[in-house]
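Novice:
There are 2 protein chains.
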Amino acid sequence: MKLPGQEEFEVSSACENVPTGELDNGTGSGPSPDSPSDTDRGEVGVPKDPLLFIQLNELLGWPQALEWRETGRWVLFEEKLEVGAGRWSVPHVPTLALPSLQKLRSLLAEGLVLLDCPAQSFLELVEQVTRVDSLSPELRGQLQALLLQRPQHLIQPTGTRPCQGSAHPREASHSEEAPLKEQRQNPLRRKLPPGSEAGAVLAGELGFLVQPLGAFVRLRDPVVLGPLTEVPLPSRFFCLLLGPSTLGKGYHEIGRAMAILLSDPQFQWSVRRASNLHDLLAALDAFLEEVTVLPPGRWDPTARIAPPKCLPSQHKRILSQLKEVQGPSAQHGAPAEDRYGHQPQLHSPELQRTGRLFGGLIQDVRRKASWYPSDFLDALHPQCFSAVLYIYLATVTNAITFGGLLGEATSGAQGVLESFLGTAVAGAAFCLMAGQPLTILSSTGPVLVFERLLFSFSRDYNLDYLPFRLWVGIWVATFCLALVATEASVLVRYFTRFTEEGFCALISLIFIYDAVGKMLSLTSAYPIQRPGYPAYGCFCQYPDLGGNESQWMRTEPKDRDDISSLDLGLVNASLLPPPECARRGGRPRGPSCHAVPDIAFFSLLLFLTSFLLAMALKHVKTSRFFPSGVRKVLGDFSSVLAMLLGCGLDSFLGLATPKLTVPSEFKPTLPGRGWLVSPFGTNPWWLSVAAALPALLLSILIFMDQQITAVILNRAEYKLRKGAGFHLDLFCVAALMVLTSALGLPWYVSATVISLAHMDSLRRESRACALGEPRSFLGIREQRLTGLVVFILTGTSIFLAPVLKFIPMPVLYGIFLYMGVAAISSIQFTKRVQLLFMPAKQQPDLLLLRHVPLSRVHLFTAIQLACLGLLWIIKSTPAAIIFPLMLLGLVGVRKALERVFSPQELLWLDELMPEKERSIPEKGLEPEYSLSGDSEDVSPRWALSGEAGRGGESAFVQESSLKSNLSIKPEDLINTVIPLRSSLTQVH
Amino acid sequence: MKLPGQEEFEVSSACENVPTGELDNGTGSGPSPDSPSDTDRGEVGVPKDPLLFIQLNELLGWPQALEWRETGRWVLFEEKLEVGAGRWSVPHVPTLALPSLQKLRSLLAEGLVLLDCPAQSFLELVEQVTRVDSLSPELRGQLQALLLQRPQHLIQPTGTRPCQGSAHPREASHSEEAPLKEQRQNPLRRKLPPGSEAGAVLAGELGFLVQPLGAFVRLRDPVVLGPLTEVPLPSRFFCLLLGPSTLGKGYHEIGRAMAILLSDPQFQWSVRRASNLHDLLAALDAFLEEVTVLPPGRWDPTARIAPPKCLPSQHKRILSQLKEVQGPSAQHGAPAEDRYGHQPQLHSPELQRTGRLFGGLIQDVRRKASWYPSDFLDALHPQCFSAVLYIYLATVTNAITFGGLLGEATSGAQGVLESFLGTAVAGAAFCLMAGQPLTILSSTGPVLVFERLLFSFSRDYNLDYLPFRLWVGIWVATFCLALVATEASVLVRYFTRFTEEGFCALISLIFIYDAVGKMLSLTSAYPIQRPGYPAYGCFCQYPDLGGNESQWMRTEPKDRDDISSLDLGLVNASLLPPPECARRGGRPRGPSCHAVPDIAFFSLLLFLTSFLLAMALKHVKTSRFFPSGVRKVLGDFSSVLAMLLGCGLDSFLGLATPKLTVPSEFKPTLPGRGWLVSPFGTNPWWLSVAAALPALLLSILIFMDQQITAVILNRAEYKLRKGAGFHLDLFCVAALMVLTSALGLPWYVSATVISLAHMDSLRRESRACALGEPRSFLGIREQRLTGLVVFILTGTSIFLAPVLKFIPMPVLYGIFLYMGVAAISSIQFTKRVQLLFMPAKQQPDLLLLRHVPLSRVHLFTAIQLACLGLLWIIKSTPAAIIFPLMLLGLVGVRKALERVFSPQELLWLDELMPEKERSIPEKGLEPEYSLSGDSEDVSPRWALSGEAGRGGESAFVQESSLKSNLSIKPEDLINTVIPLRSSLTQVH
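Protein chains in written order, with this note's numbering: chain A, 1366 to 2353; chain B, 1366 to 2353.
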């Protein structure tokens, strides 16, 4: 159950997706070791400190039964001991009362501060700490005994998700106290990266002390302090906060304050480098300067705040500290250029024009060649197996659905078999040769639309389709080659979100329209029988055995279509079902013979079931139920599972629903043609020249479809190390175009959604999963092997026909509807359309709405809607064949929008085009804007370049991380197994 | 789209649902004026201060184009000006940087503080404020001119929800500056209660000042300061914070700090009473003592926190301040007893045993008699009209559905007509006489279950049902009278949540089971035709006209049931539909004649459509779409709308789905009986005595069903002023029992859900709806008229038969399913069952889980599940008739649980039984526990009595507000138009 308040709680914080230690230690070949949890460390320009695990041991039970009990622990967030429930609380943002920080400050100021204490064991440490004047020898002994008392830890078994790999904590070999068994077995140990250190805070009321006793120790060498901390990590910090009962429960809060301070990255950074008490207090004061204060009247201090999705950047805070402490020379850590020679900048080098013919292509080949061996070695990781399974299922589903539709669109000139074969051949070839081997090639909606138009055209003019199509393919390949030669791919920088969204929305709508339309057409094919028709029923009539031939003849004319309620007179009848009747020489009579009852509604039920189930399963992934592994499987395979359930339901009831038609033999679907398409067939020779005209349009389409996908896949947020290959990819697509045309197979381009799913299944993430820290994304396993294996498997699946013929068409339509709905709900345009229906008060707190007047937002949305409407109309008229040109027209419309909207507005609503990007100088944005990211995907791509105090690198880093929020989120699309911009479209 | 982080964000804060000013000014008769927004004021023991509207005017544009612009405003929460978007931000919890508070403190300490300044106009005020030594006369003039400059306000039209009523701001008649037109037209004005005051903070950088200028003014008499504030409210506070550019943007933050301070209730309270600078600074320091601090490393300071659902109690904060300032005599405001003589305590006085025969009943009658005139006068409010419409529709739906099921259960001994008539008669009579006239009487599930059992029994033993039933009714009335006489209703205190949930879960499950079962039984009634049957088809056969009589005879025996595929030989046939065929003397032949095609799947579609639509519409209420009025209508009438859509769909397709059968005449459904049931009929005389046995069981059932509902309705969180009438209500139910039994009408008891819906539609709420403040609940319009009108309308609806017969049964089943699902998902038990399927890490942060070990929670859930299973088994066996006893057994099981669980655990999992309540003394709970409420409904009823420093009254107040979170939330149930604990059950 959701609270209204919660629903409106939209955290907007500047996400940081900083590049990690990987930059320094990644070798680029072989399975890279998962790098440690390093959200706070490893940022550009900041030396890395070990992760600190902090534990608060509280002294309870004064005066009767003194015992130490761990009541809180921190890494990034706070976990409290729920005493009653005997469990750790959910990790949450720690909150403090201001006075406890002030009390802590005075305790530290008056207490003992030992920096770089040389103690080698807990005993030594305790001796050092208790060596204060205010304690009598007797009290000192008592205190020492108390401190050495073993604390109570709550050690919980972990959840169901095992963290892979095992940590190797650097155990101090000279430690006198061996860690306890329960410490060693603590599952938390595996979640903390190797090299982590511990900090222990001991606090509590101790009545025999006359005055408070505060001690802060930084050990010179971290030492495992026996059973002090629940995990046997070497301790770096130790803090003692004891005192008489005057403060009461205050010690708990003061202890928490100390622990929270230590868990703050900046304080930790400072205190590791502090050389005296003054530095320590200065660090505390610096912390106080930056705290956020919530007024008591408006915030319940006991409320727990869930960890934000992403943490504020600590980079600037620590960097400023660094400069202060170490002077300008401290910048040594900032790499100007990474190992791979990528100068971070707004557009990657792949999109810089070289000015030479095929210059881009040559560069691409050169760049990729150096990675080629590693493209196979990097695939040696278990994760790749599951990726193959997932993508294989998605590809097969894709091939089935598109194959079925292509067959319909081209009256069998292509079909499921061609779809399987083409997918396998083209996909495998692309994976071997392409610039971006993570791309999955597939039939896509726009190309299917065009193919359908081309087929109608050639049918209308009695052309031989496949030879005509071969020439179109050859011409397209020629044009694409010209585009490669002239480095036209650099123009993709003009494809802004406006264009992407227009393209995507059109395709998604076609998906939805066609799925529903095809479903409804089933109800005409299988009409619903209404009662009260004048004629009704069905029986099997034989020729009159009694030789009454005239009667048989007499009813003959009526047999053609609807038989009225007229008396049939004397007939020789049986009640055999129509097929059986025909077999026995009779003929079925009556309107009900042609109608199959129940099919229409049952098909509708199957359609809705598959759609709703796929939607529901997709949401399982973010629900609270089931272990995360189960959730992930259910979510990732939602469409496959929905399809399986639909098939099961269908075969359980055994009704004669329309099924997928698949060939049972390995031969072209069109009877009588060989695998190679003859170059002319029955067409006149000049048609091979005239084919250049439609080929021009198709080239535009292929270029847009291919390159928009390529831009999305090569976005900086995916942290690809091996670079893109826009020119090489286009070249490969052109080459495959010729091959598939010659063999009469479907045409293929990159498919966005399935490729994103591929990349998502190959994500490398940091291992830490404890204590509320979000796993950080390290990169993608870039290799060629997974794709290759997927397509080889697809090729062997041609022999799946006996299984595939059980798939009912309504189930496929339901999955199509799901894909259309999933794709269209993932774009920002849809969110803005929704805004039109929300009263201003109810609108979510999007950054977009904070910076652009609502009327301007609505105007932009209205223009997009108008463009979409226009595209839809064109697609539905005889002029449909020019629709690739209209898609290109979107770029022009976007350019014209610069006259209507200010650059600032376009920055928030869309993104800037190349020229304009340079036109907004440093002053552009106020700091607040650049600091506040947004959890919704509405951040401007460019927002951060104006931020003061950041080098080009870090601005890029931030920019790229903002980009990740941009238009299509992988997790939204991952279930859409068929490309976002692909469709089973039908131009009417 | 939800973020994972957000979903896990469960605010847990101590809600306060304090009684409001209503206690002081409510007269109890006539439409009470909506009391002002008083979340912060009007609490017990704290004198009320006017609401303060605070505005920050910032000086922008130094040095070229100086202008004042309103950049923030506060009442409870903060609204910032979104400069780019030209709109106010969503209201959010204000956050501050600590240094700005410190800078503010020093500015105030060194600045000018004028308390009780006698200025009567802005001009005078400006003169007073600028009279500081540090300003040269020239600068002073410049500054004065600047201050008098008109500020820029952003005045927005409001949303679509109009706030009722209009405010009458107390305008200072002697003000020299008349408010501007835009100020007067500001829609915000209507949202602030009459008597509100304004506070203006002016801050900014002013380069010609040499040193910062701080001034704080409290006006003796609040004055409208011309165009200074956007709403023309009389200003009480004025604060000026100007200075040279050394602080830069700091003035904005310092100004915000001042405004946030002023918006804090405690600071406001103190500063209204401050007599010098010292008091002012002390108030600021007191504020600082209580602020919550968020560490910079874990919280992005620019993130906006949505207003919590309920604010922390300011009661204690201000009361402690009050004591400090005014000494012990300050307690004058705390009423020991309210106007209505209700001593606040754990159980209301209605449940105190008097010890006299009928003592409780007499007390009830006496108490209610004094309210009787006001019970009609209080209904004179437009809100009551919409309540009547809503509840009428719900009641009619209820009567239709229960009527249909009763007819089935009793083979027509009762039916829809009886249901309408009985509902009208019993409901109206109850509304006129009962102790709690907000209760809506209805057929309920448990009673229906029992009636079905009774009918089966009498049929099995060949008894005359209605006379037998009459005697049962008479005996039940007798037993109930005895219960009233002995004041047995006080035992309801033993009905803890355990019992309520067991009862509720059983009934909900019966709803769900029956809805699905009845739907599936339709598929047997209208079988699905599978292809490939040996026999098939249908035609109309006439007797052989040619006199071939033998053939007609020959096929005769086969006509009986299934006709095989055998040849029929020569037949005289036509293709007329079966009814037409029969009319013309033929007979339909063939298996398809008996099967109606498509009905089964279409019914299933109707069933699912109604269910899913009702569920979806219910959620519209909490969505962001549509204006709130539309949302409320869609949500409130979800089941009615779903039913209408189902009927529309059905009649659009015109298929022969099974429909509701309704009598077309006003006469008993059972043919041949009069309205009065004969006392003996054909039964032997001794049966009238033997009827006492089933009557005993029914009495237990009626008592539990009636009283559990009554307890829920009379919960303290509804702030009912006129008290409950447990004894009187039971007496009325008993009297109506005799009447309905004599007339052969259904039996009626209180229905939880519909009564809660009734109360919800009569909620009185505070008017304030601006600035993020939640509307506060003032009470219910307690009166008898709405119920009475509803039942009179229901009575006249008996003549709706021509309309009702269009309702398809699958639609009704769908609505039943919805009701069952809605009811079962609203109880805590369901949440705990869900916990069983969640990994510990994914579980929501429920208070329950913070305090009770997970294994104990699961054990408790398992025991409840076992009880439920046992009840279900008993219900399904021949022993079903004793199931009321088993329900009572739940109380015993709960008692036994005290041996298994500690009182602390039961406190969180359930609630305590009367004896145990006294057994947990003050020490019980730690302060933290009592402070932290929970947004989920899992707070213990009793949690707060241990809190230190609270009198009995406030503990009660908190206790009752916690109770509101308990088991069934009205908003969850409001859509379930048929009682939660009612059912269309069928005991198998």
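Idealized CB from N, CA, C, for every residue including glycine.
1. Short check: CB of residue 1646 of chain A to CB of residue 1473 of chain A, under 8 Å?
2. Within 10 angstroms of the Cβ of residue 2238 of chain B, are there 16 or more other Cβ atoms? Answer buried if so, exposed if not.
3. Where DSSP assigns a beta bridge to residue 2415 of chain A, which residues make up the other side?
4. Which term fits residue 2032 of chain B, buried or exposed, when burial requires 16 or more other beta carbons within 10 angstroms of its beta carbon?
5. Would you say residue 1518 of chain A reaches chain E, if we count a Cβ-Cβ gap shorter than 8 Å as a contact?
6. With H, G and I counted as helix, E and B as strand and the rest as coil, what does DSSP make of residue 1445 of chain B?
7. Short check: CB of residue 1551 of chain A to CB of residue 1589 of chain A, under 8 Å?
8. So, with DSSP's three-state summary, where would you put residue 2151 of chain A?
9. What's the C-alpha gap between residue 1878 of chain B and residue 2171 of chain B?
10. Return the Cβ separation of residue 1481 of chain B and residue 1585 of chain B in integer angstroms, given the expectation that the two are a contact with Cβ distance under 8 Å.
11. Within the 8 Å Cβ cut-off, does residue 1937 of chain B reach chain A?
12. Among residues of its own chain, excluding the 5 on either side of residue 1518 of chain B, which ones have a beta-carbon nearer than 6 Å to its beta-carbon?
13. If we count Cβ pairs, one from each stretch, closer than 8 Å, do we get three or more for the region 1792–1805 of chain B versus the region 2036–2043 of chain B?
14. I need the boundaries of the beta strand (DSSP E) containing residue 1602 of chain A, first residue and last residue.
15. Check distances from the C-beta atoms of the region 1646–1672 of chain B to those of chain A and list, in chain order, the residues that come in under 8 Å.
16. DSSP on residue 1836 of chain A, reduced to helix/strand/coil?
17. For residue 1742 of chain A, count the other beta carbons within 10 Å of its own beta carbon; 16 or more makes it buried, fewer makes it exposed. Which is it?
18. So, with DSSP's three-state summary, where would you put residue 2172 of chain A?
19. Any Cβ of chain B within less than 8 Å of the Cβ of residue 1972 of chain A?
20. Would you say residue 2001 of chain B reaches chain A, if we count a Cβ-Cβ gap shorter than 8 Å as a contact?
21. Quick check: the Cα distance between residue 2271 of chain B and residue 2200 of chain A, rounded to an integer number of angstroms?
22. Would you kindly report the start and end of the unbroken beta strand (DSSP E) that includes residue 1422 of chain B?
23. Comparing C-alpha positions only, which one of A:1431, A:1883, A:1725, A:1572 sits nearest to residue 1769 of chain A?
24. Could you confirm whether any beta carbon from chain B is found closer than 8 Å to the beta carbon of residue 2224 of chain A?
25. Using a Cβ-Cβ cut-off of 8 Å, state whether residue 1990 of chain A counts as contacting chain B.
26. Do residue 1852 of chain A and residue 1719 of chain A have their C-beta atoms within less than 8 Å of each other?
27. When you compare each of B:2256, B:2277, B:2058, B:1748 to residue 2151 of chain B by their alpha carbons, which one comes out closest?
28. Leaving aside the five residues before and after residue 2225 of chain B along the sequence, list all residues of the same chain whose C-beta is less than 6 Å from its C-beta, in chain order.
29. Measure the Cβ-Cβ separation of residue 1417 of chain A and residue 1562 of chain A and say whether it is below 8 Å.
30. Assuming the contact rule is C-beta atoms closer than 8 Å, residue 1580 of chain A and residue 1477 of chain A should be a hit. Round their C-beta distance to whole Å, please.
31. Is it true that the region 1838–1855 of chain A meets the region 2094–2111 of chain A, where meeting means three or more beta-carbon pairs spaced less than 8 Å apart?
Specialist: So, to answer that:
1. Result yes, Cβ atoms of residue 1646 of chain A and residue 1473 of chain A sit closer than 8 Å.
2. Here residue 2238 of chain B is exposed: its Cβ has fewer than 16 other Cβ atoms, across all protein chains shown, within 10 Å.
3. Nothing can be reported for residue 2415 of chain A: it is not among the residues displayed for chain A, which extend from 1366 to 2353.
4. The residue is exposed, with fewer than 16 neighbouring Cβ atoms inside 10 Å.
5. Note that chain E does not occur in the displayed structure, where the protein chains are A and B.
6. Here residue 1445 of chain B sits in strand by DSSP.
7. Residue 1551 of chain A is not a Cβ neighbour of residue 1589 of chain A, given a cutoff of 8 Å.
8. The answer is helix: DSSP assigns residue 2151 of chain A an H, G or I state.
9. Spanning the alpha carbons of residue 1878 of chain B and residue 2171 of chain B requires a straight line of approximately 25 Å.
10. Contact holds; Cβ gap of about 4 Å.
11. Yes - at least one Cβ of chain A is within 8 Å of the one on residue 1937 of chain B.
12. 1435, 1595.
13. The region 1792–1805 of chain B, when compared against the region 2036–2043 of chain B, does not touch it at the 8 Å Cβ threshold.
14. Where residue 1602 of chain A is concerned, the enclosing beta strand (DSSP E) starts and stops at 1599–1608.
15. Cβ contacts with chain A: 1652, 1653, 1654, 1655, 1656, 1657, 1658, 1659, 1660, 1661, 1662, 1663, 1664, 1665, 1666, 1667, 1668, 1669, 1670, 1671, 1672.
16. Residue 1836 of chain A: helix per DSSP, three-state reduction.
17. So residue 1742 of chain A ends up on the exposed side.
18. Looking at residue 2172 of chain A - three-state DSSP - the assignment turns out to be coil, as it is neither helix nor strand.
19. No, its Cβ sits nowhere closer than 8 Å to a Cβ of chain B.
20. Interface with chain A (8 Å Cβ-Cβ cutoff): residue 2001 of chain B is excluded.
21. So the two alpha carbons sit approximately 46 Å from each other.
22. Looking at the DSSP string, the run of the beta strand (DSSP E) that includes residue 1422 of chain B is 1417–1425.
23. The option with the nearest alpha carbon to residue 1769 of chain A is A:1883.
24. Closer than 8 Å to the CB of residue 2224 of chain A there is not a single CB belonging to chain B.
25. For residue 1990 of chain A, a Cβ of chain B is located within less than 8 Å of the residue's own Cβ.
26. For residue 1852 of chain A and residue 1719 of chain A, yes; Cβs fall inside 8 Å.
27. Closest by C-alpha distance to residue 2151 of chain B, out of B:2256, B:2277, B:2058, B:1748, is B:1748.
28. So the qualifying residues of the chain are 2274.
29. The answer is yes: Cβ separation under 8 Å.
30. That pair is a contact at about 4 Å.
31. Yes: the two stretches touch, three or more of their Cβ pairs being nearer than 8 Å.
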